[in-house]
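One structure is given below, encoded as structure tokens.
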Amino acid sequence: MEQSEILITGETPGISWSVPVMTFKGANPSAPTAYLQGALHADELPGPVVLHFLCELLRQAEQNNQIAGNITIVPQANPIGLSQMPNRQLQGRFDITTGTNFNRNFPLITIQEREQLLANTKDQNPADQLKSNLLYMALGADIVVDLHCDYESLLYTYVCEEFWPDAKDFAAAMNLHSVFIADGQSTAFDEAVSHAFRKDENTAPVRRLATTLELRGQMDVDEKLAQADATGLFNFLGNRNVITTDTPPPGDWPGKAVPLDYIEVIRTPVAGTVLLAKNIGDDVKTGELLAKIIHWPGGQNGMIKVLAPQDGTIVTRTNARFAAHGDQLYKIIGNKPSATLKEPGTLEY
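Under numbering that gives the first Met the number 0, read the sequence shown as residues 0 to 348, first letter to last.
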């Protein structure tokens, strides 16, 4: 394993950040290659833990001469967000200088334009320097996995339409509960990679994949879970011939894959204290109680109910107990498109 780092320069004297990069060199130049990163949203910590244990597996595979294609691992991809701790509270989703989401506004380019990403980084703000460098590394690989997590959540992933159902092997290897099929209309990291793959002038000789893996909830930082997830990723890389293993192909995947239009994003109609009535994994029926919001404590009509808009299964749940108007409470996989109009792109900010 080779370890290097990317330097991100700050906008004031003496400020910089370094991004550690682990590279496992493959023995076969024609083998598929892989890029995996964690904690682009710096407060989503299951990813770095999973990649820590994956690196242990890869070091053992390296000793056994099993690394076929190059593998790049960036376990903690966002030191800028990791340094944002006002009042000792980690704030890693948005860049506090620009206000932008660290997982939005990635440039939509082709693979042939990849070198341009690093041409003008000296003129970019730190967050954009980070994005340019991460996307540059990812576009050098065939398989790209961006590790995130939700607030409270089952294990699921986002993939663009062109990778489904080919990515069923990934869903099976990771034992996913569900797959959210994206329309490819956003500027999130995995969709920027998907865009470049889609526009590639050269037909790829291997099966490509770009996906955002949601590793349950923010508090699911657990050694046994992380080791199991790392083993799943290792087996997937073996099944895709990035690693030479005798791992049998995964069996059929029993989960549910739906377009984003089938996802009900349940938001608070008013601000207030949240009383949640359902948990992740629960099946719900149309009109069933999901939550109560106490928006006027002590008032005669100070509490309102939030009801399920259709039948479905709860995949994610908020971990907050106070919500502003419009905050997300749940994501529910429905059995039909949501009646709530959805703009193209991501489900959330």
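We put the beta carbon where it would ideally sit given N, CA and C, even for glycine. Because the structure is a prediction, the values reported are computed rather than measured.
By the C-beta criterion, the region 308-325 is judged to be in contact with the region 135-152, since at least 3 inter-stretch pairs fall below 8 Å.
For G25, same chain residues with a beta-carbon under 6 Å away, outside a window of 5 residues either side, are I66, A67, G68 and N69 in chain order. Here A270 is not near G231, since their CB atoms are 8 Å or more apart. Under the DSSP assignment, Y135 falls in the alpha helix (DSSP H) whose first and last residues are P125 to A137.
In its chain, beyond the 5 residues on either side, L289 and A290 have a beta carbon closer than 6 Å to the beta carbon of V305. The DSSP-derived three-state label of L39 is coil.
Between N132 and Y348, the C-beta spacing is not below 8 Å.
Around N334, the same chain offers Y261, Q309, D310 and G311 as residues with beta carbons nearer than 8 Å, after the five sequence neighbours per side are excluded. E160 carries a helical assignment under DSSP once its states are collapsed to helix, strand and coil. Shown here for G237: same chain residues with a beta carbon closer than 6 Å to its own, the five before and five after excluded, namely T244 and T246 in chain order.
Relative to the Cα of T210, the nearest Cα in the group L175, G98 and L340 belongs to L175.
With 16 or more neighbouring CB atoms inside 10 Å of its own CB, Q36 falls in the buried class. In this structure, V264 sits near Q327, with a CB-CB distance shorter than 8 Å. Counting C-beta atoms within 10 angstroms of its own C-beta, G286 has fewer than 16 neighbours from the protein chains shown and is therefore classed as exposed. In the three-state reduction of the DSSP assignment, E287 falls in the coil class. Per the DSSP secondary-structure output, W16 pairs in a beta bridge with I7. In this structure, A76 keeps its C-beta atom at 8 Å or more from the C-beta atom of V158. By the neighbour-count definition (other C-beta atoms within 10 Å, threshold 16), R87 is an exposed residue. Taking the CA atoms as reference points, F233 sits about 27 Å from D199.
P74 has its alpha-carbon roughly 19 Å from the corresponding atom of I242. Between A170 and W295, the gap from beta carbon to beta carbon reaches 8 Å or more. Contact check for T156 and N124: beta-carbon distance about 30 Å, past the 8 Å limit, so the pair fails to qualify. In this structure, the straight-line span from the alpha carbon of S193 to that of E10 is close to 31 Å. Put simply, of Y329, P45 and I293 the residue whose alpha carbon is nearest the alpha carbon of K223 is P45. Boundaries of the beta strand (DSSP E) around A256: K255 to P258. Between Y34 and A187, the C-beta gap is not smaller than 8 Å, which leaves the two residues out of contact. For T230, there is no enclosing beta strand (DSSP E); the residue is found in the alpha helix (DSSP H) stretching over E222 to N238.
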